Structures are given as structure tokens and as C-alpha cells.
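Peer 1: Attaching a single structure in C-alpha cells format; questions to follow.
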Amino acid sequence: MSSAGSEQADRAAGVSGLRFPPTLVLPAFIAGALLLLVVFFYFFGSWTLSEKADLTLCNGDEPQSLDPAVITGQLEGRICLALFEGLTTRNAKGDIIPGMAESWTHTPDGLTYTFHLRPGIKWSNGDPVTAYDFLNSWERVLNPTTASEYAYQLYYLVNGEAYGTGKITDFSQVGVKAPDDHTLVVTLAHPTAYFLELTSFQTLCPVHLPTVKKYGDDWTKPGRMVSNGPYMLKAWRLNDYILLEANPYYWRPVPVHRIKVLPTNNATACFNLFYSKKTDLILDTRSIPSALVQDIKNQPYFHANPFGATSFIRFNVKRKPFDDIRVRKALALALDKQDIVEKITRAGEPVANTLVPPGSAGYTPPQGLVYNPAEARRLLAEAGYPNGQGFPDVELLYPKRGTSEQVATEIQALWQRDLGINTIHLRGQEWKVFLNTQDLIDFDLSISGWIGDYNDPQTFLDMFVTDGGNNQTGWGDPQYDQMLQTSENTADPVKRMQILHDMEKILVEDQVPIIPVYFWVGMSLYYPDKLGGFEPNFVDDHRWGEFYIPGKKP
Amino acid sequence: MTALLSFYRVVRNDRFLIVCAFFLLAVFLLAIWGPRHTGYRYDQISDASLLPPSHHHWFGTDVNGRDLLTRTLFGARISLLVAALGALISLTLGVTYGMISGYAGGRVDNLMMRLVEIIYSLPTLVLVIVMVTTLDNPVASLLHRLGLVELSPRLVLIVAFLGFTEWLTMARIIRGQVLVLKQQPFVQASLALGQSHVRILWKHLLPNLLGLIVVYLTLTVPTIMLDESFMSFLGVGLQEPLASWGTLIANAAFLINPIRLYWWLLLFPAGLMTLTLLALNFLGDGLRDALDPRIKK
Amino acid sequence: MTALIIRRLLQAIPVLFIVVSLTFLLVRAAPGNPFSNGKSIRPEIMVQLNQQHDLEGTIWDQYLRYMGKVVRGNLNISTQYLNRSVNEIIAQSLPVSMVLGSVAYFLALLFGITLGGWAAISHERPNDQRIKLFANFSWPIPAPGDRFIMLFALLGISIPIFVLAPLAVILLALNLNLLPAYGWGSPDQIILPALCLSVPFAATIARLTRGSLLEVLKLDFIRTARAKGLSEDAVLFRHALKVAILPIIGYSGPAAAGILTGSIVIETLFGIPGIGQFFVNSASNRDPFMTSGVVLVFSSFLILFNLLADILYFVVDRRVKLE
Chain A
1 MSSAGSEQAD RAAGVSGLRF PPTLVLPAFI AGALLLLVVF FYFFGSWTLS
51 EKADLTLCNG DEPQSLDPAV ITGQLEGRIC LALFEGLTTR NAKGDIIPGM
101 AESWTHTPDG LTYTFHLRPG IKWSNGDPVT AYDFLNSWER VLNPTTASEY
151 AYQLYYLVNG EAYGTGKITD FSQVGVKAPD DHTLVVTLAH PTAYFLELTS
201 FQTLCPVHLP TVKKYGDDWT KPGRMVSNGP YMLKAWRLND YILLEANPYY
251 WRPVPVHRIK VLPTNNATAC FNLFYSKKTD LILDTRSIPS ALVQDIKNQP
301 YFHANPFGAT SFIRFNVKRK PFDDIRVRKA LALALDKQDI VEKITRAGEP
351 VANTLVPPGS AGYTPPQGLV YNPAEARRLL AEAGYPNGQG FPDVELLYPK
401 RGTSEQVATE IQALWQRDLG INTIHLRGQE WKVFLNTQDL IDFDLSISGW
451 IGDYNDPQTF LDMFVTDGGN NQTGWGDPQY DQMLQTSENT ADPVKRMQIL
501 HDMEKILVED QVPIIPVYFW VGMSLYYPDK LGGFEPNFVD DHRWGEFYIP
551 GKKP
Chain B
555 MTALLSFYRV VRNDRFLIVC AFFLLAVFLL AIWGPRHTGY RYDQISDASL
605 LPPSHHHWFG TDVNGRDLLT RTLFGARISL LVAALGALIS LTLGVTYGMI
655 SGYAGGRVDN LMMRLVEIIY SLPTLVLVIV MVTTLDNPVA SLLHRLGLVE
705 LSPRLVLIVA FLGFTEWLTM ARIIRGQVLV LKQQPFVQAS LALGQSHVRI
755 LWKHLLPNLL GLIVVYLTLT VPTIMLDESF MSFLGVGLQE PLASWGTLIA
805 NAAFLINPIR LYWWLLLFPA GLMTLTLLAL NFLGDGLRDA LDPRIKK
Chain C
852 MTALIIRRLL QAIPVLFIVV SLTFLLVRAA PGNPFSNGKS IRPEIMVQLN
902 QQHDLEGTIW DQYLRYMGKV VRGNLNISTQ YLNRSVNEII AQSLPVSMVL
952 GSVAYFLALL FGITLGGWAA ISHERPNDQR IKLFANFSWP IPAPGDRFIM
1002 LFALLGISIP IFVLAPLAVI LLALNLNLLP AYGWGSPDQI ILPALCLSVP
1052 FAATIARLTR GSLLEVLKLD FIRTARAKGL SEDAVLFRHA LKVAILPIIG
1102 YSGPAAAGIL TGSIVIETLF GIPGIGQFFV NSASNRDPFM TSGVVLVFSS
1152 FLILFNLLAD ILYFVVDRRV KLE
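Put into C-alpha cells, the structure is as follows:
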């Protein structure tokens, strides 16, 4: 930049024979400055001055959409679940409680559910919420033209998958019926123990179809959106903020009248905001700088709780040397996971030797492979790589996101330390590229994670069916698949949990296509005397309708 | 040649510039030999995570427990390498382009300068980011096929593209100078003697441009270093555990927070980089002043 | 000069065309699916998603359809922000970035010219203890050394913005509580980001001003003015500065480019909902329409600004030459 300027300076100075230059430049400059100020003030008008809110929170990033049928992310889900409500909802503890449905019954075989809607429930424009709203909204989710990535949540319904994949086009064949305004009858393809959790999920929330029809894609904009949950959409400025206001038509009182949602995705900026009291709550773990955690761990505003999500390493079992179970077991046994959670992630994550996080009601996990470097070395030698000699060049793939890079670096060094392998190289990719590479199973090892969709081991274990879309390891076991099928058709919860336990044993002890590393800890920042209704729960699902400000009358 | 001699005289007479020159030499030597003698490897992790400077770790450690002194010196290697190679590319491109454009003159010159105008108005850094992001995988496969497994595809891409963003200024300057030199009697004489254009360019013009080239080289290098650190900050820099000053600074910048300032992570790499850039800029300025007959002190 | 304008505008069309095409093709050809989200997508859904966003068929089909839309002014719908058209997003965020950029540029001019002038003065009159600003008002502060100011300016160029800004935030916003650390909406939120953004450009302008002033002050007409008995300050401010300003106008082009690039970082660090933030996200999210749209806007702006700067330079230079 400086060099370009001096060229002009050369040019200017080279002009000879100057006499008194005209008084052009200075007025031109002043005029330019004035013009700038005019521009400034004109655009000033396009700013919206900071709107006041009762609660300001950092949500992690800008939501991709606020259409509950279409979204897939946790942060979008939080906002949608404040705007919309399904048949069931959750309380602050995370338990399933009645939502739009006041009560329900189901047949002993677990295949038919009958929901009775609460009387008097309304949309935010005064229209009543009816069973047809649910019927039509679920049709919309399953309808292929909506391209809902979570449509498979409704594949549990009879003929749900057939309709979703376009094999049938008559929705009346799908297992959901509305015999009258207030009753919804759902018929499932097989008993689904966690179905009531699914009905609280955003995908199964109803949307106001006349609005959708009228405005098309624009229906989610403020002023147009009609919602049935505790909040309405008051304002939405992209990358700036979202403003939610209490829905007067919601069936119970909403304690916090206005919530301002900040899409800040820079963790340090989020923390700065909290520190300077510009924001009251940081909800998303990614919005808390990991390097800070050990310094603020003991502060009254720091809250951490493990929840249903696991970090694990995937093997590509079709590539050498990972086609050898001994190699996989060796790497699993030699991973000093305690080192990683103490040094790198530092939020008190529990070490994971199993895939399914603890806390799933009624489920006991197997033991998994515990850190045992001596046994690992023995296995590795047996497989033909004593002390790591001769181990081929392989790559550990990781997404450039959060602490993954540091974790990967650490893992590489740990395996070198404990097994003597120094031919593991790192390969970091941006998130979308990483997802693509993983999808194509174009890796040797990959650092992965999974957040459970609902509180049941199945959400973790059904990933690894042979050729499943979320399997991405090239591994498959017909016995495993068979056991999954059986469990889906077992109505007895105790028997079912036993089957799932045995499945997981195959996964993490016998066959080891994956190495579980640690269970995630959900972190949040808020002052308990300023915010109530926020409690740790397994699914990390904190409904905003449950928030209240202690000592303040709603 | 006379330009280079006058450089030497300028530097020798100015104490400040001597300091700058020696400092750069020191950095250069440290970059080459330093990382081997600190007692740590640049990718060696330990449990001593995020420790301030101590007599075990003169510069402290980073989050993976790696010694910062070693990483900073290693980073010097990479930063200087990237900047030097990038500057070399932009130099080659710029000088060749400028020389041809200025020498050819007329419509060819016009056309070439218009191309420069066009490229000037592109948000090049923005495009570089898009290109590095999107070409990472293909380049990686290409390098694999060529057997260059050790070479980081990112390094190659960054060097190549940074070189491509900075050659414009050099081209313009060289062209301007060539336009002037073209009129000189010795060039006219050579033409009259029937010497080939290439010979004239190589034997007569180029030596007279060396001074200018050196000056703008010392000014391009800092720009490229800053560009590289900018890209690291945006997440499109080098692959871990490789380190350049840019990645070290970017990582440290991410850790800045009001509670605990990991000052050593930022101060040492940023400080060293800033001092190096300062030295280069001062040297370049001093040399340029020496070249310019009009600015006489 | 009209020739210049017409030539530039005509040049702009193929340039923009190439830039947008290149970006779109690169983003589409690169690995990474704009819709992927951690959980694998069923193939039937993938088909629908592609259809919704006009991304079916081969890359060439997609490209041709997209370019058809672009020439009609439709920049398509973002794949990242599912219900927003790129036009809408740009319309909302561009004014923000423009305000930030203009204020930063203005500050850069203000500080740069002042500091550069100061340095030139101290170079010329190292023993003068005061500077006369207006007729009766003089600044009783000793002019610091020329080299000192230039060191300061060099520091400004050598420290990356993403180091300066967080440190400035900690010092000024969090510790001293002078200015807000984040966000956009009230006038005081513009000060710190604009200041941080302006630093490297103020530094370069200072260097330019100093160099150019020094050269101009040696010229004949200045000697004439001095001989005529004009006060030193009249000479400086009314005559020398007007000519010395030429290289700064010439610098406006590269400065605009730099401010554009720098605004990307500043917007991310300060949470400013401008167009720079969208650029980074859209490239990593493989959103071909948003990325191409942003690149289009950036390039158009740069071309326009370069043209304006060149026109201004041409006009002033000509007037100067006329005398």
C-alpha cells in the first residue's frame, strides 16, 4: 500500500512550474467529508436502536431458518421451541409434560396413541389450534417438496416412510388421523418407547398453514409469523438480533415478557458481552471460550452439566490397518482420554468408554474398553506393528471447529507417546467439507460427535446399522442389525434395554468400529439470582417458556 | 550495481538502519538454527499447558503444552519462507510484466496496464480466501500423486496466491522506470547496434532496475506476512501442527479475554513479527530514499 | 476524461462477469455440501433440497441458470439462510458496512493527514516549539520528532487489526468502560470498530502526507510564496497541502480495497451485521449464491471507488497542471 502511494507522490512532485494552485482541493475535501456525514446520517435512520428486553441471551449463531419443519440445528430448535409447541413439551427439568395435548392414552402394544388436545388453545392471531393443524403440519413435514431433513422423525408412523419417499401419494394412508377438532390418533409402524419425546420435538410442532400458504417462504418473517408457543416473533434482523415477545394467547402465563436473542458466534465476544452485563445468559457451549473455563469454573455464574452427547473417533474399517480388530482395539485401549478432558477441553467432561451417555432412564451401559496401554501395546505387536514400527501413514481427520483441532493434536501426540506410532498425520477441514468427507467415508480416522435427539439409547445405537447414513465407518454386523430390529418390536422396556445393552457391547467392546472419547458437558453462564427455570437435563433442552426472573412479577 | 553500492553506503552511514539490518540477520539465523537447539520439538506436547514464561520455557507454553519459544522460531521459518517465496513470485511476475509492458510501449503497454487496472479492482484477498478454501482438497490429491506427502497443500496454495495478489504494484513501478530508461542513450545505442530485445532487457535494463526491485521487495515481504496472518485468523491458514507467526498470533487472538490474559502467547510472536516488519519497512524506506535523487537530506 | 469513465464502465462488465462466474464455479466445484449439518441427509430429501435452490443438474446447468438470474438482478436464495434471498440480505447489511467503512476512511484521513503534516513540520522545523493553527491560535505543544511519528505510523501498519482490536476492546471497553465492546445500533457503538479499522490506513496516509509534503515544500512555488512574505502557516496549509494531497487521492483506491478486507475482521470481532461477516460464513458454508453475491458487491464497489478516485485525481492533477 505504501509503495503505490509513493508512486503518486513521485508523479505529483514531478509536476514542474507550479504557481499558486487553485483553491479546489481543500473545498473538495470538505465537500467530500460533508457528503460522508450526510450518508452517515441517512443510514443512521436505517438502524434500529437497541430494543429493550427483559432477558438477553447468546444463542450461538444466526439461525438458518425459523420454520420448525425445516430446521436441524440445536440453536434453531431453541428458538422454534419458544415459538411453537407440540403435543407434548418439557418442563425445566427436561421431563415430558403435556403441551398442546392435555392427555393421551396408548394401546398396550404401544402401536396406537390417542391425544386429547387442551380446550381453548389458540394461535397468536386468535385462531384455535385444532387436530387438523397437526395433521396438515405433519403432512407438510413428510411431503417431499418440503425437503425436511428431519422428516424421518415421522417415519415411525405407519406408511410415514412410504409417503416421505414418494412411494405413496395419498396421505390418508399414513398413520395419523383427526377424528374431530380435539383428538389426534396416531398409529405407529412398531412400538416406539420414546414417541412422546418425539412429539415434543420441533419437527412435530404444528404450523399455521393458512399463513404458510399465503406468504410462502416469507411466512417466518416478523409480522407474518403466527405461532402457538409461549412467544411470538417481534423482530428479526439478520446477524443482529431476534426479538421474541410473550404470546398473549398461550395457554399459560409467560413470566419473561421479552427475550432478545443474540446470534454472536464469536465465543470471546459472547463472554465480553456477559462480562459487561450486556447479556444475561449464554446458552450455547460453543459460545464460551474453552480456554477460559478453568478460570471461571468456580464463579457463581458458571454452570456445567453433562448431557446426552458424545465425542468419539470413527475408524474406516475398510482401510488398512483398521480392518484388523486388534489394531482398532489397541488404539482404543491406548487413548489416554483423561489427559484430553483435563488438559484440552477442561470443562469436567466425563471420560467415555461407551457411546451412550449415562443418564438414559433405565439403561445400564456395558463397561467398554478402559485405558490400558500395556494391553494395547501387546495387541499392536500381535497385529504386526511392535512399538508402532511399520505402521502405515494414516490421517486423522477433524473439523476446524471449537476445540477439535487441539483435541486432534493431543490425540496424535498421545498415540505417539503410548504406542510409538508416529505416522498418524492430521488433516483439518472446515465444517462443511469435513461433513462431506465423512459422508463419503474418505478418511482413515475421524473425530466425530453425536448429540442425541431424544432421551433413549436408540438415538445413538441406531446410527451403526449396516449402511446407515450416519454410520460412516464401513462397518456392519448382521447380528447387530437383527438385535436392533428385535428391540424395536419389543414392548417390554426391561427386555428392550437388555438388548440395547448387548448391542452396545458389540459396538464398544467386541468390534470397536468407534472409540468413544468423552461425554459433552453443557455449559451455560447466568446468575441464578437473575434467572430461574434453567436446570440441567439430559437432552440439554431448556424451554424458554419455563424461564422466569426471580422476584419479578410476570 | 551502483544502486546496490549506494545501498550499502546508506545503511552503513545510518546507525538506525544498521541496527535494522543486523536484527533481520539475527531473525534469519535464529529461524534456521533456532528450533533445533531449544531442547523441544515444535509439535511436542506436554502437561505444562498454558504456562507463563519460566526458565523451563522461556516464552511459556500453549494450550497443548508446546514450548512457545520453539514454535515462535519455527514460525519464523515458515513466515519468512512464505513471505520470501510469495514475494519472489510477485517479484518475478511483476518485473517480467512491467518490463515487457514498459519496453513494448504503445498499444501493448496500454493493454497490459488496463489488465492491471482490472485486477486492481478485484477484491483479491477475498478471492484468495475462496480459492484456498475450495482448492485445498484437489491440491492435496495432486501433491499425494506427485509423492510430496510432507508438503502441506495449504502452504503451497497460500504462497502461490499471496504472490499473485501483490505483483501489481511492482509491475507498475518497474514499467514506469523502464519507460524512463528506454529513452536513455545506452539503450538507444544497443538498439542501433542491432542487439536483440531479450539481450537488452536482460543485460542493460535489468541491472538498472535492481535497486528498485530490492526496495520494493523489502516492502512487499511485510505485506505478504500480514496477509498470511490475516488468512490464518480467518481460518484458512496453515495446517496444524505447523506454525507460522500468523497462526500463532491468530490462536492467541482467539484467547484474548478480560479475565485471564495469556499475554505471552500474543506478545512473543506478535512482537517478533512486528519488529521484523518494522525493520523491513525502515530498511525499505531508507533504501528508497537513497535511490530517490530528489529527497536529499 | 469521459473516455476514461466510459472505458472503465465498459471494462467493469466483463470483470464482474468473470468474478461472479469464478466464485460460483469454485464454490460449487469445491467439496462440501451446503446443506449438510452433522446428521446424514436422506437421498430423496437431498434431491428436493437441490431442486428448491435451483442446484440440480450438472454444474454447467446450475451455472447457466444462475447467470441468467444474475443478469436480471436476482441473486437467488441463500442456502444458509433458508428463507432469505441474497438480495434481501445484501440490502440489509450493505448500508451497515458502508457506514462503518466511510467513518473509518474519514477517521483515517483526519488522523493521517494531521499526523503526516505534523511529521513534515517537525522535519522542516525541528526546533520550533509551537505550531500555529489559525491566525491567533497556536498549539503550545512541542512537535515530536519526525522519526517518532513515523515509527508510530509504521507500528500502525505492522500490527494486524485482529490483534489491535481485541486489545483495544479489553483496554477501552472492558477495563476502562469508555466505549461499548460490541454490537450495532447506537452511535457510540461505531467509534471503536471504526477507529480500529482506520489505524493501518491512517498510518499509510500519514506516511504519504509526510513524504509528499516534504517534496512539495522544496518546490519553487513554495519558495516564491515564502519570498512574498506569506506566513509559514499560510504557506503550509493553503498552498502546499493542496498539492500534497494528490497522492492521498491516488491512494483512495487501494485504501478502499483494504478497508473492505479489514471490515471482514472488524465486523466479526465487533458483531456488526455488515456484509463482511456474511462473506466469511458463506464461503465456509459453501453457499454459492451468497458468496457470489458478496463478491459481486465487493467488486462493484471497488471498481466504482477506483473510478471515482481516478476521476478526482485526474481533475485535480489537470487543474494543478494548468497553472
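Chains as they are written, first to last, in my numbering: chain A, 1 to 554; chain B, 555 to 851; chain C, 852 to 1174. Note that CB positions come from ideal geometry on N, CA and C, so glycine has one too. Quick caveat: nothing in here was measured; it's all calculated off a predicted structure.
I'd like to know whether the C-beta atoms of residue 676 of chain B and residue 870 of chain C end up nearer to each other than 8 Å.
Peer 2: What you label residue 676 of chain B is simply residue 122 of the second sequence in a count that begins at 1. What you label residue 870 of chain C is simply residue 19 of the third sequence in a count that begins at 1. Here residue 676 of chain B is near residue 870 of chain C, since their CB atoms are less than 8 Å apart.
Peer 1: Does the distance from the C-beta atom of residue 611 of chain B to that of residue 621 of chain B stay below 8 Å?
Peer 2: Mapped onto the second sequence, residue 611 of chain B falls at position 57. Mapped onto the second sequence, residue 621 of chain B falls at position 67. For residue 611 of chain B and residue 621 of chain B, yes; Cβs fall inside 8 Å.
Peer 1: Quick check on this structure: which residue in A:360, A:334, A:503 has the alpha carbon closest to the alpha carbon of residue 477 of chain A?
Peer 2: Counted from its first residue, the first sequence places residue 477 of chain A at position 477. By alpha-carbon distance to residue 477 of chain A, the top candidate from A:360, A:334, A:503 is A:503.
Peer 1: Starting from residue 428 of chain A, find everything on chain B with Cβ-Cβ shorter than 9 Å and list it in chain order.
Peer 2: As a working note, residue 428 of chain A is residue 428 in the first sequence. Result: 793, 794.
Peer 1: Which whole runs of the alpha helix (DSSP H) in the region 676-758 of chain B are 4 residues long or more, in chain order?
Peer 2: As far as the region 676-758 of chain B is concerned, its whole alpha helix (DSSP H) runs of at least 4 residues are 678-700, 707-736, 739-746.
Peer 1: Closest by CA to residue 71 of chain A, which one among A:119, A:149, A:413, A:290?
Peer 2: Locating residue 71 of chain A in the first sequence gives position 71, where the first residue counts as 1. Closest by alpha carbon: A:149.
Peer 1: Counting only runs that start and end within the region 328-406 of chain A, where is the beta strand (DSSP E) found for 3 or more residues in a row?
Peer 2: 394-399
Peer 1: Does the beta carbon of residue 1155 of chain C come closer than 8 Å to any beta carbon on chain A?
Peer 2: Indexing the third sequence from 1 puts residue 1155 of chain C at position 304. For residue 1155 of chain C, the answer is no, since every Cβ of chain A falls outside 8 Å of its Cβ.
Peer 1: Are there 16 or more other CB atoms within 10 angstroms of the CB of residue 886 of chain C, so buried, or fewer, so exposed?
Peer 2: Counting from one through the third sequence, the residue named residue 886 of chain C turns up at place 35. That one is buried.
Peer 1: Is residue 925 of chain C helix, strand or coil by DSSP?
Peer 2: By one-based count along the third sequence, residue 925 of chain C stands at place 74. Three-state result, residue 925 of chain C: coil.
Peer 1: Chain C beta carbons: is any one of them nearer than 8 Å to that of residue 95 of chain A?
Peer 2: By 1-based counting over the first sequence, the position of residue 95 of chain A is 95. No, its Cβ sits nowhere closer than 8 Å to a Cβ of chain C.
Peer 1: Does the Cβ of residue 173 of chain A have 16 or more other Cβ atoms within 10 Å, making it buried, or fewer, making it exposed?
Peer 2: Here residue 173 of chain A refers to the residue found at position 173 of the first sequence. Label assigned to residue 173 of chain A: exposed.
Peer 1: With H, G and I counted as helix, E and B as strand and the rest as coil, what does DSSP make of residue 58 of chain A?
Peer 2: The sequence position of residue 58 of chain A within the first sequence is 58, counting from 1. The answer is strand: DSSP assigns residue 58 of chain A an E or B state.
Peer 1: Give me the chain B residues within the contact set of residue 1116 of chain C, using Cβ-Cβ distance strictly less than 8 Å, ordered along the chain.
Peer 2: As a position in the third sequence, residue 1116 of chain C is number 265, starting the count at 1. Neighbours of residue 1116 of chain C on chain B, chain order: 784, 787, 788.
Peer 1: So, under 8 Å CB-CB, residue 284 of chain A and residue 75 of chain A are touching, yes? Tell me the CB distance rounded to an integer number of Å.
Peer 2: As a working note, residue 284 of chain A is residue 284 in the first sequence. As a working note, residue 75 of chain A is residue 75 in the first sequence. Confirmed, about 6 Å.
Peer 1: State the beta-bridge partners of residue 429 of chain A as determined by DSSP.
Peer 2: As a working mapping, residue 429 of chain A is identified with position 429 in the first sequence. Its beta-bridge partners are A:399.
Peer 1: If the cut is a Cβ gap below 8 Å, which residues of chain B does residue 289 of chain A touch?
Peer 2: To locate residue 289 of chain A, count along the first sequence from 1; it is residue 289. In chain order: 808, 809, 811.
Peer 1: Given a cut-off of 8 Å, decide if residue 733 of chain B and residue 759 of chain B are closer than it, judged by their beta-carbon atoms.
Peer 2: Translated into the one-based positions of the second sequence, residue 759 of chain B becomes position 205. Translated into the one-based positions of the second sequence, residue 733 of chain B becomes position 179. Result no, Cβ atoms of residue 759 of chain B and residue 733 of chain B do not sit closer than 8 Å.
Peer 1: Go ahead and label residue 352 of chain A buried or exposed: buried means 16 or more other beta carbons lie within 10 angstroms of its beta carbon, across all protein chains shown.
Peer 2: The count along the first sequence starts at 1 and reaches residue 352 of chain A at position 352. Its Cβ being crowded by 16 or more others within 10 Å, residue 352 of chain A is buried.
Peer 1: Closer than 7 Å, Cβ to Cβ, to anything on chain B: give me those residues from the region 263-275 of chain A, in chain order.
Peer 2: 268, 271, 272, 275
Peer 1: Secondary structure at residue 555 of chain A, three-state DSSP: helix, strand or coil?
Peer 2: Past the boundaries of the shown model lies residue 555 of chain A; chain A is included only from 1 to 554, so the question cannot be answered.
Peer 1: Which residues does DSSP pair with residue 245 of chain A in a beta bridge?
Peer 2: On the first sequence, position 245 is the one that residue 245 of chain A refers to. For residue 245 of chain A, which the question treats as bridged, DSSP gives the partners A:232, A:258.
Peer 1: According to the Cβ coordinates, are residue 268 of chain A and residue 811 of chain B closer than 8 Å?
Peer 2: By one-based count along the first sequence, residue 268 of chain A stands at place 268. By one-based count along the second sequence, residue 811 of chain B stands at place 257. Their beta carbons are under 8 Å apart, which means residue 268 of chain A touches residue 811 of chain B by this criterion.
Peer 1: I'd like to know whether the C-beta of residue 1135 of chain C is nearer than 8 Å to at least one C-beta of chain B.
Peer 2: What you label residue 1135 of chain C is simply residue 284 of the third sequence in a count that begins at 1. Yes, residue 1135 of chain C lies at the interface with chain B (some Cβ there is under 8 Å from its Cβ).
Peer 1: Distance check for residue 169 of chain A and residue 897 of chain C, CA to CA, integer angstroms please.
Peer 2: Mapped onto the third sequence, residue 897 of chain C falls at position 46. Mapped onto the first sequence, residue 169 of chain A falls at position 169. Distance from the CA of residue 897 of chain C to the CA of residue 169 of chain A, rounded to the nearest whole angstrom, comes to 19 Å.
Peer 1: Here's the rule: buried if 16 or more other CB atoms are within 10 angstroms of the residue's CB, otherwise exposed. What is residue 852 of chain C?
Peer 2: For this step, residue 852 of chain C is matched to residue 1 along the third sequence. Exposed, since its Cβ has fewer than 16 Cβ neighbours within 10 Å.
Peer 1: Using a Cβ cut-off of 8 Å, pull out every chain C residue sitting near residue 148 of chain A, in sequence order please.
Peer 2: Position 148 of the first sequence, counted from the first residue, corresponds to residue 148 of chain A. Here the neighbours are 896.
Peer 1: Which value, in whole angstroms, describes the spacing of the CA atoms of residue 746 of chain B and residue 725 of chain B?
Peer 2: On the second sequence, residue 746 of chain B is found 192 positions in, with the first residue counted as 1. On the second sequence, residue 725 of chain B is found 171 positions in, with the first residue counted as 1. Going from the Cα of residue 746 of chain B to the Cα of residue 725 of chain B covers about 27 Å.
Peer 1: DSSP beta-bridge partners for residue 282 of chain A?
Peer 2: Position 282 of the first sequence, counted from the first residue, corresponds to residue 282 of chain A. DSSP output for residue 282 of chain A lists A:58, A:525 as bridge partner(s).
Peer 1: Please decide whether residue 673 of chain B counts as near chain A, where near means a Cβ-Cβ distance under 8 Å.
Peer 2: Taking the second sequence and counting its residues from 1, one reaches residue 673 of chain B at position 119. Closer than 8 Å: no.
Peer 1: Kindly give me the distance between the Cβ atoms of residue 544 of chain A and residue 513 of chain A, rounded to whole angstroms, as I take these residues to be in contact under 8 Å.
Peer 2: The residue you call residue 544 of chain A lines up with position 544 of the first sequence. The residue you call residue 513 of chain A lines up with position 513 of the first sequence. Rounded, the Cβ-Cβ distance is 38 Å, inconsistent with contact.
Peer 1: Quick one: which chain B residues come within Cβ less than 8 Å of residue 456 of chain A?
Peer 2: Taking the first sequence and counting its residues from 1, one reaches residue 456 of chain A at position 456. Within chain B, no residue comes near residue 456 of chain A; the closest Cβ sits about 36 Å away, beyond 8 Å.
Peer 1: Identify whether residue 117 of chain A lies in helix, strand or coil by the three-state DSSP scheme.
Peer 2: As a working note, residue 117 of chain A is residue 117 in the first sequence. Three-state result, residue 117 of chain A: strand.
Peer 1: According to DSSP, simplified to helix, strand and coil, what is residue 447 of chain A?
Peer 2: Numbered from its first residue, the first sequence carries residue 447 of chain A at position 447. Strand.
Peer 1: Quick one: which residues of the region 392-406 of chain A get their C-beta closer than 8 Å to a C-beta of chain B? List them in chain order.
Peer 2: 393, 400, 405, 406
Peer 1: How would you call residue 750 of chain B, buried or exposed, if buried means at least 16 neighbouring beta carbons within 10 angstroms?
Peer 2: Position 196 of the second sequence, counting from 1, holds the residue named residue 750 of chain B. With fewer than 16 Cβ atoms within 10 Å of its Cβ, residue 750 of chain B is classed as exposed.
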